[in-house]
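Residue 361 is where the sequence shown starts when you use the numbering used here, and the numbers rise one by one after that.
Ideal Cβ positions, reconstructed from N, Cα and C, are used throughout, including at glycine.
Step one of this worksheet: look at the structure below.
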Amino acid sequence: MLVAKLFSIRKVVTRANHPFSPLPTSFHLSPLPTYTSVAASELEASVLSTINKMTDFEFEYPSYGLRNRYGSDKLGRPDQEFNYYLLHIGVSILVTVPNLFLFITLMSKSGTGNMRPLDKILLNYTINGILWGVFGHSLFTHTYFFNWSFGIIACRIYHTLMVAFDFAFQFHMFVVSVDRVLQAISPYRYLQRVNSVGCGILLAFPWVSTILVTLPIYFVGFASNSTTPSLALLPVTTITNGYPDAVTEISLPAPNPVCSSALIPPANRAFHLFTFIICLFTVASTFIVIYFLLKSRGLQSYRLLTSVDRRSIRSSLTAGIVVNLMFAATMFVLKCFHQHIMDNGYRQHDERFWIALDVFAYLAVSSAGIIPVLWFVDSDVRKALYTLYRRIVPEPSEESKLASKSKRDSFELIND
361 MLVAKLFSIR KVVTRANHPF SPLPTSFHLS PLPTYTSVAA SELEASVLST INKMTDFEFE
421 YPSYGLRNRY GSDKLGRPDQ EFNYYLLHIG VSILVTVPNL FLFITLMSKS GTGNMRPLDK
481 ILLNYTINGI LWGVFGHSLF THTYFFNWSF GIIACRIYHT LMVAFDFAFQ FHMFVVSVDR
541 VLQAISPYRY LQRVNSVGCG ILLAFPWVST ILVTLPIYFV GFASNSTTPS LALLPVTTIT
601 NGYPDAVTEI SLPAPNPVCS SALIPPANRA FHLFTFIICL FTVASTFIVI YFLLKSRGLQ
661 SYRLLTSVDR RSIRSSLTAG IVVNLMFAAT MFVLKCFHQH IMDNGYRQHD ERFWIALDVF
721 AYLAVSSAGI IPVLWFVDSD VRKALYTLYR RIVPEPSEES KLASKSKRDS FELIND
């Protein structure tokens, strides 16, 4: 029974090494002395307690849920592995395609000189979303399913980029919230700051902040980079007839070097705390925008605008409210789940908890592709889409309209 449990641990550790690092083939147990039934149970409890202490603190990178939880169930079951592969292919498409569509739509406005500060921020947002979908989700899916190996350095760079894409996504949502508040408070001045220094700061802030945050994570943030307990030697006290006898070491060669997306506890907690603060800020900014939107008819800054500009601003602010609520709701609930797991351990929950966690985990990841669709609530974005459509499919001229009308009339006369 002890050997079976130890080999079940092997499945979890093997899963954690994907997608880049070489996989261990098996564990080798050193010969064990013969014990009484009491001694065997004590030995098993001691070994499992040690293993639990060493594996409890490692969490897979939260964008994909806690994949270690399902590692022992999925390994060796091709049907579940293929379903897992299809799920991540769907996430990759869901993140990439809407961002690419919004990027093309906004780029069609760049040549007209009608770019708002919001449009420039959304362009940066879509670039991050496209990179996240292609080099993040899609690359992860194929390397994980086909067991491609590129070495330990490439693995660590890859996992750092995954964290960077996530941070950039949240920083861009932060900047969008700031931009929505600025437009709600003073819409007249907002239209005059397209090429101002403040607009440039908002555009550069997400990228600079992402670099400053993720560089330390590459060197010290991952559990595989730190001096963590190894599974190589497990000291176990042998008990014979109820008395301590000797200390035996069970040799379990740990996969070395290990590369996984597990973050060390301080980095993991800081990551969740950061997202929690961003969610609170987006909620607060949403209420500020709603307040000024309701008061807009009585504000002097709105009276200086034309009726067309007022309608455009209201639709833009409404789109920002919807987007912020979508982001805050999914990410806030997900971080509450993960914080609860870090505080209570991930072995204390039933299957319903894990199903709920998976739903919100994948919904939070997919929100990077759902949010670009919600921006089409903005009338300016819809106008840009219609203009792009007319460039691809030109509107028929008056002559062609008259010709088609005469053909239709003649066809009706023939039928009569």
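Exposure label - residue i; buried when at least 16 CB within 10 Å
i       : result
Arg-540 : buried
Phe-582 : buried
Gly-680 : buried
Ser-645 : buried
Leu-717 : buried
Pro-615 : Caution applies to Pro-615, whose pLDDT of 42 falls short of 50 and renders its modelled position unreliable; the value that the coordinates give is listed next. The residue in question, Pro-615, is buried, as its Cβ has 16 or more Cβ neighbours within 10 Å.
Thr-472 : exposed
Lys-695 : buried
Gln-552 : exposed
Gly-560 : exposed
Ser-766 : exposed
Gly-496 : buried
Thr-690 : buried
Asn-474 : exposed
Thr-642 : buried
Leu-478 : buried
Tyr-651 : exposed
Tyr-746 : exposed
Thr-666 : exposed
Leu-734 : buried
Tyr-662 : buried
Tyr-603 : Its pLDDT being 45, under 50, Tyr-603 is placed unreliably by the model, and nothing is read from it.
Phe-692 : buried
Tyr-550 : buried
Tyr-518 : buried
Phe-697 : buried
Phe-647 : exposed
Phe-631 : buried
C-beta contact flag for residue i and residue j at 8 Å
i       : j       : result
Ser-726 : Met-686 : no
Tyr-548 : Leu-653 : no
Phe-534 : Ile-638 : yes
Lys-480 : Leu-563 : yes
Ile-577 : Val-523 : yes
Val-682 : Val-737 : yes
Gly-729 : Val-455 : yes
Ala-778 : Thr-465 : Lying before the first or after the last residue shown, residue 778 is absent from the chain, which here runs from 361 to 776.
Arg-476 : Asp-740 : yes
Leu-483 : Phe-463 : yes
Alpha helix (DSSP H) segment containing residue i, residue limits
i       : result
Pro-566 : 557-576
Trp-714 : 711-734
Ile-490 : 477-491
Val-539 : As written in the sequence, residue 539 is Asp, which differs from the Val given in the question. Its alpha helix (DSSP H) spans residues 512-545.
Pro-821 : Residue coverage of the chain in this structure runs from 361 to 776, which leaves residue 821 outside it and unanswerable.
Arg-629 : 625-654
Whole-number beta carbon distance between residue j and residue i, since they are thought to touch under 8 Å
i       : j       : result
Asn-684 : Ser-569 : In fact, because the Cβ distance is near 19 Å, the residues do not count as touching under 8 Å.
Pro-458 : Pro-754 : Not quite, the Cβ-Cβ distance comes to about 26 Å (not below 8 Å), so this is no contact.
Min CB distance residue i to chain B below 8 Å
i       : result
Thr-472 : The structure shown contains no chain B, having only a single protein chain.
Proximity test, residue i beta-carbon vs the ligand NAP heavy atom, cut-off 7 Å
i       : result
Thr-678 : Although the ligand NAP was asked about, the structure shown includes no ligands whatsoever.
Would you call the segment 659-679 in contact with the segment 623-634, where contact means no fewer than 3 C-beta pairs closer than 8 Å?
no
So does the segment 718-725 actually touch the segment 446-466, counting three or more Cβ pairs closer than 8 Å?
yes
Are the segment 483-501 and the segment 520-532 in contact at 8 Å, needing three or more beta carbon pairs?
yes
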